[in-house]
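Chains as they are written, first to last, in the working numbering: chain L, 2 to 682; chain R, 2 to 682. All C-beta atoms in this analysis are idealised placements derived from N, C-alpha and C, irrespective of residue type, glycine included.
Number of protein chains: 2
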Amino acid sequence: MTDMVSKNVQTHNLILMPSGRRGQVARGKTLLEAARDLGVEIESVCGGRQKCSKCLVQIEEGEFTKHGIVSSVSHIPPPTDEELAYLEKEGIQDRRMSCASQILGDLLVTIPEESRAQKQIIRKTATHRAIEIAPTIRQVYVEVEQAQLGFHRGDWGRLQDALDEQWGYKGLSIDIHALRKLQPAIRQGDWKITVTLWNGIEVIDVQPGYQEGAYGLAVDVGSTTIASYLCDLRTGELLATESMMNPQVSYGEDLMSRISYTTERPDGLEKMNTAVIDAVNQLVNRAARAAKIARKEIYEIVMVGNTTMVHILLNISPKEIGEAPFALANRDAVDVKARDLGLKLNPAANAHFLPAEAGHVGADNVAVLLAEQPHQQEGIILTVDVGTNAEIVLNSPGGLYSASSPTGPAFEGGQISSGMRAAPGAIERVRIDPETKQPRFRVIGDERWSDEWVIGESVPVDQQPKQLAAGICGSGIIEVVAELYLAGLLTPGGRFNPEVDCASLQWDQDKRKAAYILATADQSSTGKPILITQNDIRNIQLAKAALYAGAKILMMRSGIKKVDKIILAGAFGSFIDPKHAMILGLIPDCNLEEVYAVGNAAGDGARIALLNKDKRTEASEISKKVRYIETAVDADFQEEFVRAMNLPHKSDPYPHLEGILPKLQPEITKRDRRWRRRQVA
Amino acid sequence: MTDMVSKNVQTHNLILMPSGRRGQVARGKTLLEAARDLGVEIESVCGGRQKCSKCLVQIEEGEFTKHGIVSSVSHIPPPTDEELAYLEKEGIQDRRMSCASQILGDLLVTIPEESRAQKQIIRKTATHRAIEIAPTIRQVYVEVEQAQLGFHRGDWGRLQDALDEQWGYKGLSIDIHALRKLQPAIRQGDWKITVTLWNGIEVIDVQPGYQEGAYGLAVDVGSTTIASYLCDLRTGELLATESMMNPQVSYGEDLMSRISYTTERPDGLEKMNTAVIDAVNQLVNRAARAAKIARKEIYEIVMVGNTTMVHILLNISPKEIGEAPFALANRDAVDVKARDLGLKLNPAANAHFLPAEAGHVGADNVAVLLAEQPHQQEGIILTVDVGTNAEIVLNSPGGLYSASSPTGPAFEGGQISSGMRAAPGAIERVRIDPETKQPRFRVIGDERWSDEWVIGESVPVDQQPKQLAAGICGSGIIEVVAELYLAGLLTPGGRFNPEVDCASLQWDQDKRKAAYILATADQSSTGKPILITQNDIRNIQLAKAALYAGAKILMMRSGIKKVDKIILAGAFGSFIDPKHAMILGLIPDCNLEEVYAVGNAAGDGARIALLNKDKRTEASEISKKVRYIETAVDADFQEEFVRAMNLPHKSDPYPHLEGILPKLQPEITKRDRRWRRRQVA
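Take a look at the structure:
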């Protein structure tokens with residue numbers, strides 16, 4: 002006995018890599034426990050019961066057994082038959098389960114990335130950033146005391162006791178759907194179950210025995226496009242990305258027409274709500290199928306969108322957002338059972354909506370800020386999220402300012418004669434030769450430029466284009482207009498230049514109207530050429546002027562003359578090219594190397610909020626911090642809008658485009674001016 | 002200014018009746034505020050805005066205005082035109098709104114019962130008891146700040162601020178259904194709304210302007226009968242009582258056969274759940290119609306029932322309750338959205354289930370204890386709730402003991418040839434003349450005894466019985482068997498006495514089987530006589546023996562020889578007569594003056610939990626305190642059961658029935674004994 006006691010109090014040195022954390026630990030403790038004592042959390046779902054194999058570590062000092070496995074005969078015990086069987090089955094040579102490894106001597110142990118409890122994913126952004134995986138959903142394995150005659154605690158009571166004793170959870174509630182599954186699960190699992198918890202306060206699922214698999218969906222509900230991201234909530238891994246058109250488009254292309262639809266028809270809201278909920282359910286199905294998981298394994302959905310979209314998703318009329326003073330029903334974050342919205346995930350799944358900033362700056366913009374964190378960075382940063390509505394945030398010394406501009410659907414392919422969303426066949430890149438005025442382009446689905454295409458019946462299949470051009474998506478639209486201007490085909494006023502004559506530009510008889518042939522009939526999947534019309538150009542001008550004017554108002558209100566950095570976000574699939582965006586005059590002048598295109602940052606922000614619950618708190622703080630400028634009632638907005646119609650701008654200078662912009666800028670005609678006034682009105 | 006200040010700090014004497022509370026209060030304060038300062042809460046829904054007229058008080062000192070209204074010219078200001086208009090409209094002569102009455106001098110004020118915030122209802126029980134009205138549901142009237150351009154709090158945020166400032170509520174959540182109504186309600190009410198709160202933590206409804214009306218339903222779901230009680234949650238008033246047969250009866254009369262139905266058929270649980278939920282929805286509709294209120298004004302439902310009923314209501318399989326160790330899915334109280342159970346009340350209404358004690362003693366028994374409070378009383382008290390399952394609680398010096406006995410549906414009219422539930426036409430009282438052996442009875446719906454009835458075509462309608470006899474209900478069954486025994490028509494073994502000859506007793510040819518004519522063909526609504534058969538007697542004997550044996554086991558286990566008091570509860574409408582229950586041997590011997598029949602105490606307990614949230618905490622404490630004795634596996638139970646088959650008992654003495662029981666007790670025959678053994682087996 003004395004010997005035992007002295008052995009028990011004996012300690013050994015333990016060094017944990019890569020953190021380098023070290024300390025004296027009691028002999029006989031498992032590596033899992035000892036690491037926790039030293040403040041290093043090794044992942045474990047089963048709580049040290051040699052079930053989940055999530056806690057594998059590499060023992061750096063020790064001796065090899067006959068199986069070639071590190072066993073450190075003298076410092077940790079050799080593996081049990083069960084552990085050995087598992088390691089051999091998985092072909093693991095150099096690792097041991099830390100929950101099965103008692104410390105019997107000094108050890109140096111490396112904890113590989115996948116065994117660390119605080120996992121991270123790296124987001125490729127303007128500034129690469131690590132996201133810690135700390136979701137609201139957690140699965141734990143528990144052993145529940147068996148029911149006995151004379152003990153009346155009830156299975157849920159016994160499970161509460163087990164969750165408290167084995168995992169430290171107190172005061173839990175249980176969703177009625179989980180309670181309904183409890184008794185069969187607990188008996189099928191022979192009193193061992195896997196419990197899924199939400200936010201550390203509610204049991205939302207129970208499954209017999211040891212089970213793995215908790216997934217979440219981040220959804221960015223744009224006015225035109227809905228994008229969804231299915232993630233593994235334990236590892237943070239992105240398993241599937243699925244997107245589709247927002248079916249509400251058939252009820253109106255822009256937000257105002259959708260709001261009108263809900264107010265003018267008694268069943269307007271219901272129809273719009275059903276349409277978007279059905280769409281999200283379709284994306285759920287598609288994503289689950291792509292990742293080969295079951296819908297009921299999706300335990301949380303995080304949704305972002307502009308305020309109108311969020312209202313409609315919650316089945317709240319967006320009527321008040323449509324008129325001054327643009328009052329939201331709710332600005333704060335919302336947690337609601339997904340089933341109460343008609344969403345078909347796990348029946349007890351939670352739906353989380355990020356908060357909004359103001360009547361016209363919604364959860365999608367909060368998500369962009371969560372993803373890009375301009376407020377955490379140095380310098381004056383303009384963050385622009387280009388969609389059917391553009392949300393603009395300026396990070397000035399005076400704080401964060403935001404505004405919303407109704408750009409319309411042009412940047413997402415709407416109101417463009419050959420516009421389409423970013424899908425295979427969409428033209429996403431365009432270059433126009435300044436000499437020949439001939440275009441070349443690249444479509445989604447083929448990496449070659451169109452001038453490398455070989456078309457013809459005699460061409461071998463593998464040399465033919467994988468995709469013919471089907472239309473043009475947002476990034477392509479921005480590039481083609483900028484390139485037309487660079488090539489001298491457009492006047493700064495945005496009209497086709499009558500002084501240029503080339504094969505690609507087709508004029509009508511009296512040379513008043515023209516169209517540019519971007520793709521020939523041969524290159525097009527429909528057999529008809531893809532044209533850029535004068536009207537397409539005007540729609541892009543209107544959209545970019547609205548966006549620029551919004552940014553300008555923010556700069557004026559915060560007393561800023563120039564910005565240090567621009568972050569260009571956009572949900573339309575392909576990234577916007579910063580240079581073309583600036584030539585178009587979508588954004589103010591900036592060092593081109595400080596303009597970053599980050600893709601769908603709103604979707605990324607939703608994903609971040611899905612994977613890390615602390616980021617939801619941060620979102621709430623951000624949403625309250627931003628000062629919103631209402632452009633719709635700003636006296637200067639209309640004036641700035643008109644001045645911004647020109648390419649790139651009528652009067653604001655673009656020193657960083659020096660040498661890039663065409664030198665000779667034809668004057669704007671009176672006719673141009675009249676035409677533009679009509680458009681603006 | 003100096004004058005004003007000195008006036009402001011001036012104080013007056015205020016005496017509040019009937020409490021007699023008194024103190025110095027600041028001049029200029031309203032009576033509503035001043036009473037609160039003195040610790041006396043006057044009711045107010047509108048928060049002192051002269052909207053709700055709930056705070057009317059009687060000014061005992063003062064002078065009369067020309068309108069004859071107490072205005073205490075010198076001590077409180079005269080009523081405003083609005084107040085005057087209201088008082089005149091309602092014909093109120095002697096009261097004033099306390100929220101409109103500034104204190105300008107010494108006052109003696111009487112707060113009438115209906116204006117007191119802590120209202121009470123008196124429950125007529127074994128010991129009359131006052132129930133304080135303190136429900137989870139509260140309605141408050143608030144004025145919300147108007148939405149303004151440039152302020153982005155959102156309507157829900159503004160409402161949260163208003164609820165905090167005007168009523169002190171913090172950290173509230175809002176049900177999605179209430180959030181959906183918020184914007185139209187707030188604007189329709191011109192930024193004034195009535196908010197319905199649940200448990201001080203969640204907004205569950207919003208209505209424009211000042212609104213009144215919050216109702217709750219207490220439901221006792223018995224195996225055979227479902228009883229519901231609709232209450233006004235502000236006043237505690239009982240507005241409607243509606244009951245119906247439990248439609249699950251068609252799937253099995255007793256609990257075990259219902260449990261088997263759910264386990265043996267794949268859709269068994271679903272069918273049983275749908276049946277009972279539909280039934281509760283029917284009762285909701287009926288009660289709402291009877292009280293002339295809308296279903297959506299019912300904001301909470303409290304449900305009690307035995308454990309099997311509660312499991313099925315929650316759509317949880319009762320499989321485990323059907324076999325040892327009789328494990329409950331959940332023993333604790335449950336709060337769940339009524340909509341998640343398929344109940345059609347207000348869409349955000351809460352459903353509360355009281356906790357259970359053990360596998361076979363459910364929320365209904367906790368409700369009985371909540372209503373009767375035996376544990377708060379002196380002496381040894383036996384509480385018996387007679388239903389398809391009898392729940393028995395013994396309050397001994399060693400604490401509370403409970404047991405459950407499967408009495409079957411006989412006491413509720415089931416397994417009785419002419420049995421029916423307590424409804425118009427049911428025989429509820431029976432007397433048999435010891436000399437003539439002729440019966441007389443009383444039916445529900447007519448206060449006269451049957452021997453006062455005048456039947457015949459020539460009899461004027463107002464003299465004819467209001468109801469003919471349609472069958473016999475629980476209390477009638479107990480009385481008829483006890484009376485048959487008292488009249489010497491039954492042997493102690495429960496057989497019709499072959500030595501008695503009378504017109505009412507019909508024997509078959511070989512005088513082995515008999516039936517007693519309780520109602521003649523003339524007296525019966527079907528035109529056929531209502532008979533009590535030998536089989537009816539046997540079923541009552543089996544039922545009462547099960548109940549008695551359960552009580553006896555509790556007495557044995559707690560070392561009790563005799564009880565001081567017996568509380569007889571039962572859901573079968575009419576109250577059980579204590580004397581007849583004791584003659585039958587349903588309960589052990591006790592001073593007859595200490596046997597109380599309290600009707601449906603489970604329903605009363607549900608109503609108490611509906612009206613007072615603190616009682617839910619008490620229910621939780623009671624449920625954990627009771628020690629449950631499992632009679633099903635108790636070795637003595639079978640023996641006690643056999644001995645209890647006799648009327649009133651084979652060997653336990655009944656000194657309190659001395660002089661009441663027939664002196665000459667015919668011996669039990671061997672045939673009796675054989676018959677009984679067959680029945681028991």
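Can you give me the C-alpha to C-alpha distance between P78 (chain L) and R139 (chain L), rounded to a whole angstrom?
31 Å
Can you tell me whether V250 (chain L) is helix, strand or coil according to DSSP?
helix
Answer yes or no: does any C-beta atom of chain R fall closer than 8 Å to that of H581 (chain L)?
The beta carbon of H581 (chain L) sits no closer than 8 Å to any beta carbon of chain R.
Residues from the segment 313 to 331 of chain L in contact with chain A, defined by Cβ distance under 9 Å:
Looking for chain A here will not work: the only protein chains present are L and R.
Using CA atoms only, rank isn't needed, just tell me which of L:S224, L:A27, L:L240 is closest to D215 (chain L).
According to the sequence provided, residue 215 (chain L) is Ala. The question's Asp does not apply to it. Comparing Cα positions, the closest option is L:L240.
Near V596 (chain R), what residues of its chain come up, given a Cβ to Cβ distance below 6 Å and the 5 sequence neighbours on each side ignored?
I567, P579
Just mark V634 (chain L) as buried or exposed, buried being the case when its beta carbon has 16 or more other beta carbons within 10 Å.
A residue is called buried when at least 16 other Cβ atoms come within 10 angstroms of its Cβ; V634 (chain L) does not meet this threshold and is exposed.
For chain R, check one thing: does any of its Cβ atoms lie closer than 8 Å to the Cβ of G629 (chain L)?
For the record, residue 629 (chain L) in the displayed sequence is Tyr; it is not Gly. Yes, Y629 (chain L) counts as interfacial toward chain R.
For V455 (chain L), does the count of other Cβ atoms within 10 angstroms reach 16, so buried, or fall short, so exposed?
exposed
Return helix, strand or coil for N647 (chain R), following the three-state DSSP convention.
coil
Sequence ranges, beta strand (DSSP E) only - wholly within the segment 218 to 266 of chain R, length at least 3
226 to 233, 239 to 246, all fully within the segment 218 to 266 of chain R.
Shortest alpha-carbon distance to G48 (chain L) belongs to which of L:V311, L:L506, L:K193?
L:K193
Compare the C-beta of G574 (chain L) with all C-beta atoms of chain R and state if any pair is closer than 8 Å.
Caution is warranted here: a pLDDT of 47 is assigned to G574 (chain L), below 50, making its placement in the model unreliable, and no coordinate value can be reported.
For the alpha helix (DSSP H) holding M556 (chain R), just list the boundary residues, first then last.
Segment 535 to 558, the alpha helix (DSSP H) holding M556 (chain R).
In this structure, does DSSP put D4 (chain R) in helix, strand or coil?
In this prediction, D4 (chain R) has a pLDDT of 39, which is less than 50 and means its spatial position is unreliable; nothing more can be read from the coordinates.
Residues bridged to G24 (chain L) by DSSP?
Per DSSP, L:L15.
Chain-ordered chain L contacts of R181 (chain R) [CB-CB under 9 Å]:
L315, N316, I317, S318, A330
Since G169 (chain R) is in the alpha helix (DSSP H), which residue starts that stretch and which ends it?
First-last for G169 (chain R): undefined, no H or E at that position.
For K67 (chain L), which residues of its own chain have a beta-carbon under 7 Å away from its beta-carbon, when the five flanking residues on both sides are left out?
Confidence in K67 (chain L) is poor, its pLDDT being 49 and thus under 50, which makes the residue's placement too unreliable to answer from.
Anticipated Cβ contact below 8 Å, V564 (chain L) with L519 (chain L), distance rounded
That pair is no contact at about 32 Å.
Distance check for T437 (chain L) and F497 (chain L), CA to CA, integer angstroms please.
16 Å
Proximal residues to E392 (chain L) (C-beta, below 6 Å), its chain only, five neighbours per side dropped
V362, N366, D386, S405
Using a C-beta cutoff of 8 Å, does K67 (chain R) count as contacting chain L?
Unreliable placement is indicated for K67 (chain R), whose pLDDT of 49 sits below 50; the coordinate value is still reported in the next sentence. Chain L, which has no Cβ nearer than 8 Å to the Cβ of K67 (chain R), makes this no.
List the residues of chain L that W157 (chain R) touches, going by C-beta distances under 9 Å, in chain order.
L329, A330, N331, R332, D333
Within 10 angstroms of the Cβ of W508 (chain R), are there 16 or more other Cβ atoms? Answer buried if so, exposed if not.
Exposed, since its Cβ has fewer than 16 Cβ neighbours within 10 Å.
What residue from L:A598, L:K320, L:A645, L:P589 has the CA that sits closest to H657 (chain L)'s CA?
L:P589
Can you tell me whether K67 (chain L) is helix, strand or coil according to DSSP?
Confidence is the limiting factor: at K67 (chain L) the pLDDT is only 49, short of 50, which leaves the residue's position unreliable, though a coordinate-based value still follows. Looking at K67 (chain L) - three-state DSSP - the assignment turns out to be coil, as it is neither helix nor strand.
Under 6 Å Cβ to Cβ from H581 (chain R), same chain only, skipping five residues before and after it: list those, please.
Result list for H581 (chain R): I479, E480, A483, in chain order.
Determine whether the Cβ of G360 (chain L) lies closer than 8 Å to any Cβ atom of chain R.
yes
For L150 (chain R), return the contacting residues in chain L, with the cut-off set at a CB-CB distance below 8 Å.
A325, P326, F327, E631, V634
Three-state secondary structure assigned by DSSP to L284 (chain L)
Here L284 (chain L) sits in helix by DSSP.
Output, in sequence order along the chain, the residues in the segment 156 to 177 of chain R whose CB is closer than 7 Å to any CB in chain L.
D156, W157, G158, I177
Chain-ordered chain L contacts of R154 (chain R) [CB-CB under 7 Å]:
R332
From S451 (chain R) to L342 (chain R), what distance separates their C-alpha atoms?
46 Å
Length of the line joining the Cα atoms of V222 (chain R) and S54 (chain L)
48 Å
Spatial neighbours of A148 (chain L) within its chain, please: CB distance less than 8 Å, with the 5 preceding and 5 following residues excluded, ordered by chain position.
D156, R159
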